[in-house]
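As they're listed, the protein sequences go chains A and B. Take the first sequence: its position 656, counting from 1, is numbered 654 in my numbering, and each next residue is one higher. Take the second sequence: its position 338, counting from 1, is numbered 339 in my numbering, and each next residue is one higher. All C-beta atoms, glycine included, are put in the ideal place defined by N, C-alpha and C.
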Amino acid sequence: MLCATSRLLAARAATALPFHPRVRGRELHFPGPRCRGRELHFPGYPETPLGDLLAGRLARPSVLAGRRAILRRGRMPPAVGGGLAGSELRPRRGRCGSQAARAVGPAVATEATARSPKRPAPSSRRFEAPGRWALLALVTLMSFATRFHRLDQPPHICWDETHFGKMGSYYINRTFFFDVHPPLGKMLIGLAGYLSGYDGTFLFQKPGDKYEHHSYLGMRGFCAFLGALLIPFAYLTVLELSQSLPAALLTAALLTFDTGCLTLSQYILLDPILMFFIMAAMLSMVKYNSCANRPFSAPWWLWLSLTGVNLAGALGVKFVGLFIILQVGWNTLSDLWHLFGDLSLSMVTVGKHLAARVLCLIVLPLALYTATYAVHFMVLNKSGPGDGFFSSAFQARLSGNNLHNASIPEHLAYGSVITVKSARMAVGYLHSHGHLYPEGIGARQQQVTTYLHKDYNNLWIIKKHNTNSDPLDPSLPVEFVRHGDVIRLEHKETSRNLHSHYHEAPLTRKHYQVTGYGINGTGDSNDFWRIEVVNRKFGNRIKVLRSRIRLIHLVTGCVLGSSGKVLPKWGWEQLEVTCTPYLKETLNSIWNVEDHINPKLPNISLDVLQPSFPEIMLEAHMVMIRGNNGLKPKDNEFTSKPWHWPINYQGLRFSGINDTDFRVYLLGNPVVWWLNLLSIALYLLSGSIFAVAVQRGACLPAEVEGLSQVLLQGGGQLLLGWMVHYFPFFLMGRILYFHHYFPAVLFSSMLTGLLWDTLLRLCAWSLASFPLAGHVHTLGILSLLLGIAYSFYLFHPLAYGMVGPLAQDPRSPMAGLRWLESWDF
Amino acid sequence: MLGFLQRPVVVTADINLNVVALTAVGLLSRLWQLAYPRAVVFDEVYYGQYVSFYMKRIFFLDGSGPPFGHMLLALGGYLGGFDGNFLWNRIGAEYSTNVPVWSLRLLPALAGALSVPMAYQIVWELGFSHCAAVGAALLILIENALITQSRLMLLESALIFFNLLAVLSYLKFSNSQKHGPFSPSWWFWLILTGVACSCAVGVKYMGVFTYLLVLGVAAVHAWHLIGDQTLSNVRVLCHLLARAVALLVIPVLVYLLFFYVHLLLLCRSGPHDQIMSSAFQASLEGGLARITQGQPLEVAYGSQVTLKNVFGQPVPCWLHSHQSTYPVIYENGRGSSHQQQVTCYPFKDVNNWWIVKDPGRHQLVVNNPPRPVRHGDIVQLVHGMTTRLLNTHDVAAPLSPHSQEVSCYIDYNVSMPAQNLWRLDIVNRESDTDVWKTILSEVRFVHVNTSAILKLSGAPLPDWGFRQLEVVGEQLSRGYHGSAVWSVEEHRYGRSQEQKERELELHSPTQTDVSRNLSFMARFSELQWRMLTVRSDDSEHKYSSTPLDWVTLDTNIAYWLHPRTSAQIHLLGNIVIWASASLATLVYALLFTWYLFRRQRRACDLPEDCWPRWVLAGALCAGGWAVNYVPFFMMEKTLFLYHYLPALTFQILLLPVVLEHVSDHLCRSQLQRSLFGALVVAWFASACHVSNTLRPLTYGDRSLSPSELKALRWKDSWDILIRK
């Protein structure tokens, strides 16, 4: 109670200047010490004018501070964030004031009453609420103005627009594609393009291509719109966590004037969408935490379900959305844990709480997430560039694919002509051709490879191992191939048998070579393979497309597999096929039959083979995860390392290289970023000082107590957010880029805002005996705001585009601003 | 003063016969017939070569672990008088007579044997009964996988030993915290904790998991200490400082000490030199040092140098050129400048020599006195054998079309002017006026016209480029990367004016003299960095397994097979112990969760003094299992069953703890308790029986008939070798 109200007063003093000259005048009349006294007075007067002035939402925190004090002395120290919510579920307001007073200590309490000041002028309260709205509107306006300024520049493709714009077009054209990210973000981009009149005809071939007459502003505008909303969201989040307008304002300024966030928001990228959902989830979580004293009320449900919706959104855009889920999950768990520990709640109530969270934070997001995939698969029903990444069964769904609506025999029989596809992604079909392995590489026999494209050399005939009679002879009965049969695979074009022997494979030295051998189908016992279906019983028939088969070489006992390595020139840069003596079940050694021609069998429509939706979901995820893992950095390439990011070591070139180009360079505003970095260090320092002081049982004055709670709890949530959005990248093996850090920047900027406000308040408080000390806070915040705005003035060409000489040249607008040699603009 | 004269000298010995007996049987089980089999068993083939290197004091680089473990094994060899002369090339090869098999295997066996009494001590220090403590020790004693692993020249048993030692000494320390803080024994155990932790890390990087666990527990205890308001602030500060020194500073120092000794021992150059930087190589006896010894330090105009790429991936190589030119048209139809090729060549060759030339002068000799080249100077590089100048221009490189081609300039084509000025950028300079130094300086060459940087792309050229590696000019100067940085390896001052003389000079070996040594920290950081980044080709292995296979013991490793009979050694656990240890972990987790939930609702099922003990036992034992097991799910390297053994040891410690807890707190009547006791005895008997049945596969001392072997194959996934 103490701290919150005091902060509100100071907040008005610092931020409401342009709106309330009267308030300012009044504030100026109070010398420092008297101010303090006045603020300390409030616990004794629960219904102060300020209390009802800031009705509802703002009255709550005044209860809170006292409550926090109680909790801290309790047995169970409140966990970050959760304590806030958990504590408020026992609104024993009556005891609150007295307990707070006890926490503060009798001496302070009496001092407070003794210094009881006059009440604030009643006229000021009329402007309070509109003032706050006006401030929010101002912040929003600023953010929209900066994001939409020169949005149409440059009128060519920048950086990854080439991917995401293209994928938006795919949605409009309904062609199937493959991407390593979940579909929601690209669907939204596609939708925005569709609504703004983009027809999907632009090719998005490579960065630098001119858009010309194509309408691209709708898609950019959509991203910029979401990017602009980040700032009011951050503003509200910090306001909710700290109950301090200057802190929120500082945060908003940090983000508005950060050239990095600005640049990233202005193009057709997934990041603004991702950050939008992350921030929205954070905001709704914080809001819902502050509704915790009214569980199951309408706003409580609203914010809880909004949290769930936004989590689904974040995960639906990129898998890094998982990090915000971790944070919300942690918050929810500690919240539930405190509810559970509250003996005044019955188990039934706790159960209801649990059920509500399961419903809103697990079931709802999962349903929405699944729904995005359902829409994705429904929209993309035409064959496109992504087909090859998916299994044969999956491809059968896509119109235009040769498997679509095809009708082929369902079960494999002797004499069938088939193609065999590797289960591993992007490996292709078992292939052979009339070229021999070169001298010195195993036996000089015909090459066997895998090949991604469909041609006649992928066709094989299944034959019995012991007879050479033509199974297609109409007089013979149809004989199906069964699991465990010993077969021979004859290459249709060259009539050589699939063969293996004890020679080392061309690239993978520990495996055996696979060749084509024999003349007109007559070979030797090294041509015999046992066909096995994974997870099937002996004697089962083998289904086209659906059965996952392994071919085991009878003589050596090895398994036919593809190593995925590219053969040199002599192998036409197709992929190596080996016979591996390691019998582990890996995707390398699993195959399935795709095309199947057998005139003796009735063709059936492939529709019956269509995989179910859960199977499609699962496959799409497997392919995405493998695609993500496949994005490995190559040797001898400069890659961005996670430790580069917070120090703003290196930017990303969005557009243009030479001095005649229109250049955009993604780089954080160094002033903002370095301030953020410093703030994290300062936060850790001050946070641990407070934590140790509390643990040592030090008696803090009420004001400091309140501030330390804001710092430890509100700041703790933000720090956690920064950590979960940053540290996991150190563990990732995939290739990383600078822009991966931006979700973490949001959190660290919010932390900076909160921290500096709190520290300046502490400063003002500790200097209270000096005259003018009350202004330390105001001046500090103002100078920070001005400094940030000035740095933006300096660095804005990075985002809005530079033309002319490079930064080394003194005539350049960026001359002298290349503070680190690693920035190349 | 002379107090000892007035009072009798009394020695009171407090001998715990349990510990003595456990030590004795531990030694017996691990040391019995230690020198058998007299053949290379499994990974001995891998560690043995390093022991040989130590014996011969030849430098090597092994990315699998820090040097302390290797040094321990080498110590065994040293004590046994091993001369290092054995060719470690094949598992199963007979040891020659000069190999002291017994003493090579002694230290791991001792470590394994001492783990038995330590298990006893740990459970006792955790506050559980002697009975539970003896149980834990006996389980460790009869666990077949632990026996196998500690009887061979392998590192896991040493790792387990130091893990247990760290936990034990931390427990001793925290127990003496209550009655005698800052007493000698308090200090002793505290410091021993730190030392044991760093030894564990020094044996294998895996030890870091246990170190973090101990640090975590220590941090929680320290946090409670801060909250203890009976202590003065100063005292709290002293406590914290003591812990910080013992658990953070000392381990780092000890770890550095390992490397210091390692580098002290390995002073001769050897087969792995090439991976290290030139400066490091020059610090070893022989090898590069023999060549570079006595080279002039400062590169001057007119110097003849070879330039080695610092990154050295995929192979270490030197900037190279030769008479051949780039083909006019590449296979994919793109054109080239048809100028002389510049490549990176992984072998020493006379064509690797370049002459640093001042663009303003024509001579290729060094002035007297030599004029050194400094950071920021503009130079030309002349290829020694062909006297062409290093050049790059706006032509796409053969394999990396986004980069510029680098060539030695020939004026075939007048439309393509020479662009052969390079600005020298010393990366590791201390000031902007630094002189370019042989070996020590890492330099980049920035092309003056296009600001491209000379870089090794690493792609091997096709046949026309003799499969040498491609060198390109990279336009985007994105920060520091080793592939764009070069260092001078061989260097001499050019003296000859004429090309013929110069060629002769280039062919002759370098001489003169200065010696330079890197500081220990520089050598340490380079070696550590290379060890962490050296790429082991992740090959498949017949006996590799996944972490999921370990808990259920779905896999084994055949270590050795007798050349004639069917006697064989397998890494194969006692399945009863594995299953019940996993079960105990599960029971612990469930019970702990249950108690935790009950306590949150203020229902305390356990007595107040029992709860912290239960939590601490769980934190150390179940926690020790988790931290030593879970990280493997995130590792991409080839994994084997023996990686699970440290985790298993902790899990086994938890087993008697859980049993005692069940008996004390969950069995309500005396009858239940007796019944439970009987069950435990029966269970233990079965564990002993299984251990005894698997004994032939553990010690490999008895040849089994095929039917006996088949009978031992309890799981289909076990690979037991049966001679046909």
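Rounded separation between tryptophan 299(A) and alanine 246(A) - CA only: On the first sequence, residue 299(A) is found 301 positions in, with the first residue counted as 1. On the first sequence, residue 246(A) is found 248 positions in, with the first residue counted as 1. In a straight line, the C-alpha of tryptophan 299(A) is about 25 Å away from that of alanine 246(A).
Contact belief for alanine 688(B) with isoleucine 578(B) at Cβ below 8 Å, rounded distance in angstroms: Your numbering for residue 688(B) matches position 687 in the second sequence. Your numbering for residue 578(B) matches position 577 in the second sequence. Correct: roughly 5 Å between the Cβ atoms.
Glycine 119(B) - DSSP class collapsed to helix/strand/coil: As a working mapping, residue 119(B) is identified with position 118 in the second sequence. Reading the sequence as shown, one finds methionine at residue 119(B) and not glycine. Methionine 119(B): helix per DSSP, three-state reduction.
Per-residue contacts from tyrosine 580(A) into chain B (C-beta, under 9 Å): Here the question's residue 580(A) lines up with position 582 in the first sequence. Within 9 Å Cβ-Cβ: Glu541, His542, Lys543 and Ser545.
Rounded separation between serine 381(A) and phenylalanine 176(A) - CA only: Here residue 381(A) refers to the residue found at position 383 of the first sequence. Here residue 176(A) refers to the residue found at position 178 of the first sequence. Cα to Cα, serine 381(A) sits roughly 11 Å from phenylalanine 176(A).
Given 8 Å, three or more beta-carbon pairs between the region 593 to 601 of chain B and the region 561 to 575 of chain B: no
Test: lysine 508(A) CB closer than 8 Å to a CB of chain B: For the purposes of this step, residue 508(A) is taken as residue 510 along the first sequence, with counting starting at 1. For lysine 508(A), the answer is yes, since a Cβ of chain B falls inside 8 Å of its Cβ.
Residues that valine 436(B) bridges to, as DSSP identifies them: What you label residue 436(B) is simply residue 435 of the second sequence in a count that begins at 1. In the DSSP output, where bridge partners are listed per residue, valine 436(B) has Arg375(B).
Pick from Ile427(B), Pro38(B), Leu62(B) and Asp435(B) that is closest to tyrosine 48(B), judged by C-alpha positions: Position 47 of the second sequence, counted from the start, is the residue given in the question as residue 48(B). Checked all of Ile427(B), Pro38(B), Leu62(B) and Asp435(B); the closest Cα to tyrosine 48(B) is Leu62(B).
Own chain, CB closer than 7 Å to tryptophan 301(A), minus 5 neighbours either side, in chain order: Working through the first sequence from its first residue, we reach residue 301(A) at position 303. Around tryptophan 301(A): Ser282, Lys285, Tyr286 and Cys289.
Chain B within 8 Å of leucine 505(A), Cβ atoms only: In the first sequence, the residue the question calls residue 505(A) occupies position 507. For leucine 505(A), the answer is no, since every Cβ of chain B falls outside 8 Å of its Cβ.
Other residues of its chain near arginine 31(B): CB distance less than 7 Å, five sequence neighbours each side excluded: Here residue 31(B) corresponds to residue number 30 of the second sequence, with the count starting at 1. Same-chain partners within the cutoff: Ala110, Gly113, Ala114, Ile148, Ser151 and Arg152.
Proximal residues of chain A, C-beta to C-beta of arginine 424(B) below 8 Å: The residue labelled residue 424(B) in the question sits at position 423 within the second sequence. Neighbours of arginine 424(B) on chain A: none; closest Cβ ~13 Å, over 8 Å.
Identity of the residues DSSP links to glycine 336(B) by a beta bridge: In the second sequence, residue 336(B) corresponds to position 335, counting from 1. DSSP, once it has assigned bridges, lists Ile330(B) as partnering glycine 336(B).
Contact with chain B by valine 690(A), beta-carbon distance below 8 Å: For this step, residue 690(A) is matched to residue 692 along the first sequence. Chain B contact via Cβ: present.
Other residues of its chain near leucine 134(A): CB distance less than 7 Å, five sequence neighbours each side excluded: The residue you call residue 134(A) lines up with position 136 of the first sequence. Taken in chain order, the residues that qualify are Pro230 and Tyr233.
CB of tyrosine 55(B) within 8 Å of CB of alanine 75(B), strictly: Here residue 55(B) is taken as the residue at index 54 of the second sequence, counted from 1. Here residue 75(B) is taken as the residue at index 74 of the second sequence, counted from 1. Closer than 8 Å, so yes.
Same chain only: Cβ atoms within 7 Å of cysteine 648(B), ignoring 5 sequence neighbours per side: On the second sequence, position 647 is the one that residue 648(B) refers to. Sequence check: residue 648(B) is alanine here, not cysteine. So the qualifying residues of the chain are Trp626, Asn629 and Tyr630.
is_contact[arginine 732(A), chain B] using C-beta, thresh 8 Å: Position 734 of the first sequence, counted from the start, is the residue given in the question as residue 732(A). No - not a single Cβ of chain B is within 8 Å of the one on arginine 732(A).
Rounded Cβ spacing between valine 486(B) and cysteine 409(B) (contact assumed at less than 8 Å): Locating residue 486(B) in the second sequence gives position 485, where the first residue counts as 1. Locating residue 409(B) in the second sequence gives position 408, where the first residue counts as 1. Going by Cβ atoms, the distance from valine 486(B) to cysteine 409(B) rounds to 21 Å, so no, they are not a contact pair.
Valine 255(B) beta carbon less than 8 Å from that of valine 215(B): Counting from 1 along the second sequence, the entry for residue 215(B) is found at position 214. Counting from 1 along the second sequence, the entry for residue 255(B) is found at position 254. It is not a contact, given that the beta carbons lie outside the stated cut-off.
Interface partners of glutamine 203(A) on chain B, CB under 9 Å: For the purposes of this step, residue 203(A) is taken as the residue at position 205 of the first sequence. Ordered by position in chain B, no residue passes the 9 Å Cβ test against glutamine 203(A), which lies about 16 Å from the chain.
Buried versus exposed call for aspartate 807(A) [16 or more other C-beta atoms within 10 Å across all chains shown]: By one-based count along the first sequence, residue 807(A) stands at place 809. When all chains shown are included, aspartate 807(A) counts as exposed.
Beta-carbon neighbours of glycine 695(A), restricted to chain B and to distances below 8 Å: For the purposes of this step, residue 695(A) is identified with residue 697 of the first sequence, where counting begins at 1. Going along chain B in sequence order, the residues near glycine 695(A) (Cβ under 8 Å) are Gly228 and Gln230.
Straight-line gap, glutamine 511(A) to tyrosine 500(A) (C-alpha atoms, nearest Å): As a position in the first sequence, residue 511(A) is number 513, starting the count at 1. As a position in the first sequence, residue 500(A) is number 502, starting the count at 1. Cα to Cα, glutamine 511(A) sits roughly 7 Å from tyrosine 500(A).
Collapsed DSSP secondary structure at serine 104(B) in the structure displayed: Here residue 104(B) is taken as the residue at index 103 of the second sequence, counted from 1. Three-state result, serine 104(B): helix.
Residue(s) in a DSSP beta bridge with histidine 571(B): Within the second sequence, residue 571(B) is the residue found at index 570, counting from 1. The partner list for histidine 571(B) (beta bridge, DSSP) reads Ala559(B).
8 Å Cβ cutoff, tryptophan 335(A) in contact with chain B: Numbered from its first residue, the first sequence carries residue 335(A) at position 337. It does: the Cβ of tryptophan 335(A) has a partner Cβ on chain B nearer than 8 Å.
Glutamine 305(B), buried or exposed, once every other Cβ within 10 Å from all chains shown has been counted against 16: Indexing the second sequence from 1 puts residue 305(B) at position 304. Glutamine 305(B) is buried by the Cβ-count criterion.
Nearest-angstrom Cα separation, counted from alanine 312(A) out to phenylalanine 652(A): In the first sequence, counting from the first residue as 1, residue 652(A) sits at position 654. In the first sequence, counting from the first residue as 1, residue 312(A) sits at position 314. Their Cα atoms are separated by approximately 24 Å.
First through last residue of the alpha helix (DSSP H) which encompasses histidine 310(B): The residue you call residue 310(B) lines up with position 309 of the second sequence. Before going on, a small fix: residue 310(B) reads as asparagine here, not histidine. No alpha helix (DSSP H) holds asparagine 310(B); the beta strand (DSSP E) holding it covers 304 to 310.
Amino acids of chain A, ordered along the chain, whose beta-carbon sits closer than 8 Å to that of glutamine 601(B): In the second sequence, the residue the question calls residue 601(B) occupies position 600. Within 8 Å Cβ-Cβ: Trp335, Phe338 and Gly339.
Alpha-carbon spacing of alanine 580(B) relative to valine 552(B), whole angstroms: Taking the second sequence and counting its residues from 1, one reaches residue 580(B) at position 579. Taking the second sequence and counting its residues from 1, one reaches residue 552(B) at position 551. Rounded to whole angstroms, alanine 580(B) to valine 552(B) spans 8 Å at the Cα level.
Residue-level contact to chain E via CB, tryptophan 487(B), 8 Å cutoff: Annotation note: the requested chain E is absent from the structure, which comprises protein chains A and B.
Any non-hydrogen atom of the ligand COA within 7 Å of lysine 582(A) CB: Among the components of this structure there are no ligands whatsoever, and the ligand COA is therefore not found.
Where leucine 365(B) falls: helix, strand or coil (DSSP): Along the second sequence, one-based indexing puts residue 365(B) at 364. Coil at leucine 365(B), not helix or strand.
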